[in-house]
Structures are given as structure tokens and as C-alpha cells.
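Enquirer: Have a look at this one before I ask anything.
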Amino acid sequence: MLSYLMKTLDGVHRPLSFELREAIAGIVQHANFRKGEYLLKPRQTCNYLYFVQSGLVRAYEKVENGEITHWFMQEGDMITAPESFFNQVPSDEYVQALEDVEVYYISYEETMRLVAEYREFLLIYAILMVRYYLKSIQRERGLRRSAAIRFASFAVNHPELAKRVPQKYIASFLGMTERTYGQVKKGSTFRPWVLLSLIYMQLLSFFHWR
């Protein structure tokens with residue numbers, strides 16, 4: 001099972017050195033969360049980096065008129081609450097298992113030790129954090145698009161999540177009500193202008209981050 005985590009980390013930049021592999025194996029811990037259980041709640045400090053072995057997780061916050069879903073993470077993804085983890089301050093997020101979830105995790109203290117002692121882990125850590133940051137930027141940018149484009153973009157880029165995540169959570173991730181999401185989904189035919197807009201957005205993102 002631990003080999004899956006190592007394979008995930010190998011794919012971030014380049015294969016781990018033997019020394020770093022041994023260091024990680026000596027500190028990483030394993031846990032299982034049942035569907036509906038929380039990995040983190042508001043006012044708790046995020047003390048771990050989680051790596052998903054299996055299952056699906058959602059991060060969200062409660063607002064006056066409902067919930068806002070920030071992200072979904074699945075097999076091979078890393079989970080944390082960045083601001084809480086970096087600054088070791090209480091989080092304002094809920095992180096909840098949408099399915100039975102199996103994870104490996106590393107504590108904040110051990111993460112900082114690896115960052116200090118292994119330059120290659122510092123690079124891996126930096127890449128993972130940048131990916132988190134880019135995902136948040138892409139989501140914020142996407143929320144400025146029409147409901148039809150938001151729906152089509154999610155369906156095209158995350159077809160597996162569209163099958164696994166309840167509709168109400170996808171709607172809150174896309175910044176629309178469940179009713180609006182249902183209407184857009186029902187009327188979606190991927191019109192040419194929607195597909196052209198998606199292609200343009202993907203090309204713009206590709207060249208912007210090169």
C-alpha cells in the first residue's frame with residue numbers, strides 16, 4: 001500500500017532518492033475515514049498533509065445561505081487546508097469524506113523537518129503547494145464564466161467526478177444553485193460556442209503558465 005504513496009510522490013517531479021524514500025517510510029502514518037466523517041472542522045488547526053490512497057473528499061465552508069465547495073480530491077491527490085497548515089492557525093473549512101477514504105499522512109512537524117533536511121522534498125512540497133494555488137486561481141476565474149460554460153468545463157475536465165459527486169455539491173463548487181445546475185444540465189447540448197470557449201480557455205491557461 002505504501003508503494004502507492006511513493007509512486008504518487010515519484011510523479012511530482014522525479015523519482016525519490018533512496019534516502020528520502022526511507023525517511024518518508026519511517027514517519028508516514030495511515031488512516032481510514034468512513035463516508036461522512038471529517039478530516040478537519042472549523043476552529044481546528046490543520047496539522048497534516050494527507051495523500052489519498054482511495055476515496056473522495058470535499059472541502060467546503062458554510063455561509064449565510066448555504067455552503068460553498070472549494071475543491072474535491074480523489075486518488076493520488078494531496079489534501080490540506082493551506083492557510084491553516086502553513087501558519088498553524090485554526091481553519092474555517094470543513095474537510096469531509098464523500099466516500100470511504102484511505103489516506104497516508106505526514107504531520108506538520110515532520111513535513112517541516114523533511115523540507116529542512118531534503119532539498120528534493122522542498123521542491124516536491126513547493127510544486128504541490130503551487131498546484132493547490134493554481135487550482136484556486138482556475139476556480140475563481142471559472143466562476144466569472146456563464147453557467148453553461150462552468151457546467152461544460154467541469155463535465156469535460158472532470159468526467160469521473162461528475163459521476164461520483166452528488167449534484168448539490170457540484171452546483172456549490174460551480175457557484176450556482178442546485179436548481180440552476182439541473183436546468184443547465186438538462187438543457188446542455190455542448191453548443192459550438194460553448195466548446196469554442198472551452199478550447200480558448202484551455203489554450204489561454206496553457207500558454208499563461210508555461
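Counting from 1, one number per residue, gives the positions in the sequence shown under the numbering used here.
No residue lacks a Cβ here, since even glycine has one placed at the ideal position from N, Cα and C.
Just tell me which of G182, M78, G187, Y169 has its CA closest to the CA of E61.
Expert: Per the Cα distances, Y169.
Enquirer: Expressed to the nearest angstrom, what Euclidean distance is found between the alpha-carbon atoms of V12 and I127?
Expert: Each residue's Cα considered, the two are about 7 Å apart.
Enquirer: Thinking C-alpha only, which one of P90, P82, E64 is nearest P42?
Expert: Minimum Cα distance to P42 is reached at P90.
Enquirer: Between L56 and the rest of its own chain, which residues show a CB-CB distance below 6 Å, the 5 nearest in sequence each way excluded?
Expert: Cβ within range, chain order: Q74, L98, E99, R164.
Enquirer: Which whole runs of the beta strand (DSSP E) in the segment 1 to 35 are 3 residues long or more, in chain order?
Expert: As far as the segment 1 to 35 is concerned, its whole beta strand (DSSP E) runs of at least 3 residues are 29 to 33.
Enquirer: Starting from G66, follow the beta strand (DSSP E) in both directions and report where the run begins and ends.
Expert: That run of the beta strand (DSSP E) goes 66 to 73.
Enquirer: Alpha carbon to alpha carbon, how far is A148 from V115?
Expert: In a straight line, the C-alpha of A148 is about 43 Å away from that of V115.
Enquirer: In the DSSP output, which residue or residues are listed as bridge partners for I106?
Expert: Its beta-bridge partners are L49.
Enquirer: Buried or exposed, going by whether 16 or more other CB atoms sit within 10 Å of the CB of R14?
Expert: Burial call: exposed.
Enquirer: Decide if R150 is buried, meaning its Cβ has at least 16 other Cβ atoms within 10 Å, or exposed.
Expert: By the 10 Å Cβ count, R150 comes out buried.
Enquirer: Please report how far the alpha carbon of Y50 lies from the alpha carbon of L161, in whole angstroms.
Expert: For Y50 and L161, the distance between alpha carbons rounds to 19 Å.
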